[in-house]
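Notes follow once the structure below has been shown.
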Amino acid sequence: MFPTSFEYHRATSVADAVAMLAERPDAKLLAGGHSLIPAMKLRLAAPGMLVDLGPVAELKGVALGDGVATIGAMTTYDELRFADGIGAAFPAVVEASSVIGDQQVRANGTIGGALAHNDPAADLTAVFLALGGSVEVVGSSGQRTIDGEELFVDLWTTSLEPDDVITRVMLPMPAGGVRSAYKKHAHPASGYAVVGVAVAIEEAGGVVSKASIVVTGATSKPTHAAAAEAAMAGKPFAGATIAEAAALAADGLEINGDAYASETYRAQLIKVLTKRALEAARNR
Amino acid sequence: MADAIAGVAKTQVTVSVNGQQRTGSVEPRTLLVHFLRDDLGLTGTHVGCDTSQCGACVVTVDGVTTKSCTKLAVQVDGSSVETIEGLADGTNYHPIQDAFWEKHGLQCGYCTPGMIMSARSLLERNPNPAEEEIRHELEGNLCRCTGYQNIVKSVQYAAEKMRQGAD
Numbered sequence: 002m003f004p005t006s007f008e009y010h011r012a013t014s015v016a017d018a019v020a021m022l023a024e025r026p027d028a029k030l031l032a033g034g035h036s037l038i039p040a041m042k043l044r045l046a047a048p049g050m051l052v053d054l055g056p057v058a059e060l061k062g063v064a065l066g067d068g069v070a071t072i073g074a075m076t077t078y079d080e081l082r083f084a085d086g087i088g089a090a091f092p093a094v095v096e097a098s099s100v101i102g103d104q105q106v107r108a109n110g111t112i113g114g115a116l117a118h119n120d121p122a123a124d125l126t127a128v129f130l131a132l133g134g135s136v137e138v139v140g141s142s143g144q145r146t147i148d149g150e151e152l153f154v155d156l157w158t159t160s161l162e163p164d165d166v167i168t169r170v171m172l173p174m175p176a177g178g179v180r181s182a183y184k185k186h187a188h189p190a191s192g193y194a195v196v197g198v199a200v201a202i203e204e205a206g207g208v209v210s211k212a213s214i215v216v217t218g219a220t221s222k223p224t225h226a227a228a229a230e231a232a233m234a235g236k237p238f239a240g241a242t243i244a245e246a247a248a249l250a251a252d253g254l255e256i257n258g259d260a261y262a263s264e265t266y267r268a269q270l271i272k273v274l275t276k277r278a279l280e281a282a283r284n285r
Numbered sequence: 252m253a254d255a256i257a258g259v260a261k262t263q264v265t266v267s268v269n270g271q272q273r274t275g276s277v278e279p280r281t282l283l284v285h286f287l288r289d290d291l292g293l294t295g296t297h298v299g300c301d302t303s304q305c306g307a308c309v310v311t312v313d314g315v316t317t318k319s320c321t322k323l324a325v326q327v328d329g330s331s332v333e334t335i336e337g338l339a340d341g342t343n344y345h346p347i348q349d350a351f352w353e354k355h356g357l358q359c360g361y362c363t364p365g366m367i368m369s370a371r372s373l374l375e376r377n378p379n380p381a382e383e384e385i386r387h388e389l390e391g392n393l394c395r396c397t398g399y400q401n402i403v404k405s406v407q408y409a410a411e412k413m414r415q416g417a418d
């Protein structure tokens, strides 16, 4: 099995990649390639050109400081989960990037690729949203920042323009700390999230000041469990609050069903995984 | 694949394969596994599913464990690739190869090159993995014969031998 013919361009810099995307509307960016190349082999995608970001060194690396973690878009899941300080600051990032696909996907797949692809059953998209992440983007009109809340539009669809390149992913590190966790029910064959729940809880004065609970796998894009989030605000981060939030976690969500897991089953998984994720976060 | 089918110019790639510089002319769509097998004649790397599931094609690219059916040959231009053929030193097998023999970690053997290459990457990172970790790290390698029990035992045995060797 091999893709339809295409031309190949090794990008030398972000500017070079943006220029090539602007010149060639049939071009697609190649990051880790672990979603795009399989799709091309199945002829689900047939770009006329691939612009390979692999050689662009400026897109690699993880840096923590000044209240924000900055992650190069071409940082692989393995580089991310083993990066100094990431595990201590964001346990949910490590939990999610340790259960993506298989070890070869984790070694090759990238955070920027995952966010741009926006697979509805991806893991890291939910964690990114729960942690209040944003992306720095460079396009032909220059550089700008897109808040995570504005990035994901629908199934495999984002607000990125065709000639945009995600360059960096920013995760805020609040002064008071954030307790996070990610729990997933993986499809037994594909490993994709049937349901995944990412939580990020901030506290002030002994009560929850900000609760972020984001569901993936069950919905067409990573989606806040708004009813559960509202139920936690202003209450102590304790067992009763967790139980109340978990019971409400599927309320108001448009949940998809398929041959493996019905809508009802997924709703139940959302409640169970929300409870487990909140309990894990509380114990951090 | 004939040039005429593609209508796209072939490009030259130079790759260090098991320590030897190898050069070939490929279409951009040529997968690394086909470059290794068809152009370089290194048929130890297998094609099982061809859909990124089974792991029979696992190699390392610059030390990174990689399914060579999910990597383009043009992507690895200038890189260093290791395949199953590079593990043995003459007639001396690599400890993981010995372990698969000793602990009956294979039946038909089709998945074995990929299993061994994945196990090697695992043991480089963690010389003493727990059984659960071995199973998790080998999730991308499918075996239809063994039920995995003896594969796990082989990796544990190899880990033990390699730790002893490192002392």
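Taken in sequence, the protein lines are chains X and R. Numbers given in our numbering equal positions in the first sequence, counted from 1, plus 1. Numbers given in our numbering equal positions in the second sequence, counted from 1, plus 251. Positions of the beta carbon are idealized from the N, C-alpha and C atoms, including for glycine.
Item to complete: Mind listing the chain R neighbours of HIS35 (chain X)? Cutoff is C-beta to C-beta under 8 Å, in chain order.
Response: SER303 and THR321
Practice prompt. Kindly list the residues whose CB is nearer than 7 Å to the CB of GLY258 (chain X), restricted to its own chain and excluding five residues on each side of it in sequence; keep chain order.
Written response: GLU264 and ARG267
Item to complete: List the DSSP bridge partners of SER303 (chain R).
Response: The partner list for SER303 (chain R) (beta bridge, DSSP) is empty, contrary to what the question assumes.
Worksheet item: With respect to the alpha helix (DSSP H) encompassing GLY365 (chain R), which residues constitute its N-terminal and C-terminal limits?
Response: 363-376
Worksheet item: Curious, which full-length beta strand (DSSP E) runs of at least 3 residues does the region 293-359 of chain R contain?
Response: 309-312, 315-318 and 331-333
Item to complete: May I ask you to verify whether the region 213-231 of chain X touches the region 147-155 of chain X, counting CB pairs closer than 8 Å and requiring at least 3?
Response: yes
Discussion item. Using CA atoms only, rank isn't needed, just tell me which of R:ASP340, R:THR321, R:TYR344 and R:THR317 is closest to SER331 (chain R).
Written reply: R:THR317
Worksheet entry | DSSP-derived helix/strand/coil call for LEU43 (chain X) | coil
Worksheet item: For GLY114 (chain X) versus SER36 (chain X), is the C-beta distance shorter than 8 Å?
Response: yes
Item to complete: Using three-state DSSP, classify ASP164 (chain X) as helix, strand or coil.
Response: coil
Practice prompt. Check the Cβ of GLN271 (chain R) against every Cβ in chain X and list those closer than 7 Å, keeping chain order.
Written response: Here the premise fails: no neighbours, minimum Cβ distance about 23 Å.
Fill in: LEU116 (chain X) versus ALA212 (chain X): straight-line alpha-carbon distance, rounded
22 Å
Discussion item. When you compare the region 118-126 of chain X with the region 89-100 of chain X, are there three or more beta-carbon pairs, one atom per stretch, that lie closer than 8 Å?
Written reply: yes
Worksheet item: Per the contact definition of three or more C-beta pairs closer than 8 Å, is the region 160-170 of chain X in contact with the region 19-27 of chain X?
Response: yes
Fill in: Proximity test, Cβ basis, 8 Å: ASP67 (chain X) and chain B
Absent here is chain B; the protein component of the structure consists of chains X and R.
Worksheet item: So which residues of chain R does GLY240 (chain X) contact, with C-beta pairs closer than 9 Å?
Response: Result: empty, since nearest Cβ-Cβ is about 29 Å, beyond 9 Å.
Worksheet item: THR316 (chain R) touches chain X at which residues, Cβ-Cβ below 8 Å?
Response: GLN104, GLN105 and ALA108
Worksheet item: By a C-beta neighbour count over all protein chains shown, 10 Å radius and 16 as the cutoff for buried, is CYS308 (chain R) buried or exposed?
Response: buried
Worksheet entry | Positions along the region 266-290 of chain R whose CB lies within less than 9 Å of some CB in chain X | GLU278, PRO279, ARG280, THR281, LEU282 and HIS285
Worksheet entry | Between the CA atoms of ALA199 (chain X) and ARG277 (chain X) - distance to the nearest angstrom | 10 Å
Practice prompt. Say whether chain X places a C-beta atom closer than 8 Å to the C-beta of VAL403 (chain R).
Written response: no
Worksheet item: Looking at LEU31 (chain X) and LEU54 (chain X), is the spacing between their C-beta atoms short of 8 Å?
Response: yes
Discussion item. So with CB distances below 7 Å, who are the chain X contacts of GLY356 (chain R)?
Written reply: Ordered by position in chain X, no residue passes the 7 Å Cβ test against GLY356 (chain R), which lies about 18 Å from the chain.
Worksheet item: In three-state terms, what does DSSP make of LYS412 (chain R)?
Response: helix
Worksheet item: Looking at the unbroken alpha helix (DSSP H) that takes in VAL68 (chain X), where does it start and where does it end?
Response: Sequence check: residue 68 (chain X) is Gly here, not Val. It is not in any alpha helix (DSSP H) - GLY68 (chain X) carries neither H nor E in the DSSP assignment.
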